[in-house]
Amino acid sequence: PYTQAVAEEFAKKGGTAPTVESTGTGGGMKIFCQGIGEEHPDITGASRAMKKSEFELCDKNGVKDVTEVLLGYDGLSLANSRKGKKMDLTKEQ
C-alpha cells in the first residue's frame, strides 16, 4: 500500500507512474537481483532484511550498490468476536 500510494502521488505531480507489483519478499528479491537496466526493477519492498544468499545473487548478476532502508515495521492484529469463544493467548504465542 505505501509503495502504491507513493507511485500515485508521483504521477499526480506530473511524473510517469512507476509499475508497482506485489511479488512477496522472496519473489521480489529474486526479480530485483536479476540484473540492472530498464527491464529490471530499481527498488523492491520487503518485510525483512536481505539474506546473504540474496546479496550474493545480486552481486553475481551485477547488482552491486544495494542499500537497505527501513521505512517501517510489519504488524499483526488479532480480533475476537464478542459472540465467539474468547481467545486465551500469551505474549509468547
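Residue numbers are given in the working numbering: position 4 of the sequence shown equals residue 971, and the series is strictly consecutive. Virtual Cβ for every residue (Gly too), placed ideally from N, Cα, C.
Measure the beta-carbon distance from residue i to residue j and round it to whole angstroms, keeping in mind my assumption that it falls under 8 Å.
| i | j | result |
| --- | --- | --- |
| Ala-1013 | Thr-992 | 4 Å |
| Leu-1038 | Tyr-969 | 7 Å |
Quick one: what does DSSP say residue i is sitting in, helix, strand or coil?
| i | result |
| --- | --- |
| Gln-971 | helix |
| Ala-978 | helix |
| Leu-1024 | helix |
| Ile-998 | helix |
| Thr-992 | helix |
| Lys-1019 | helix |
Taking all protein chains shown into account, decide if residue i is buried (16 or more other Cβ within 10 angstroms of its Cβ) or exposed.
| i | result |
| --- | --- |
| Phe-999 | buried |
| Met-996 | buried |
| Thr-1011 | buried |
Enumerate in chain order the residues of its own chain whose CB-to-CB distance from residue i is below 8 Å, with the five nearest sequence positions on each side excluded.
| i | result |
| --- | --- |
| Val-1033 | Met-1017, Phe-1022 and Cys-1025 |
Please go through the same chain and pick out, in chain order, the residues whose beta-carbon is closer than 7 Å to the beta-carbon of residue i, but skip the five residues on each side of it.
| i | result |
| --- | --- |
| Asn-1028 | Cys-1000, Gln-1001 and Gly-1002 |
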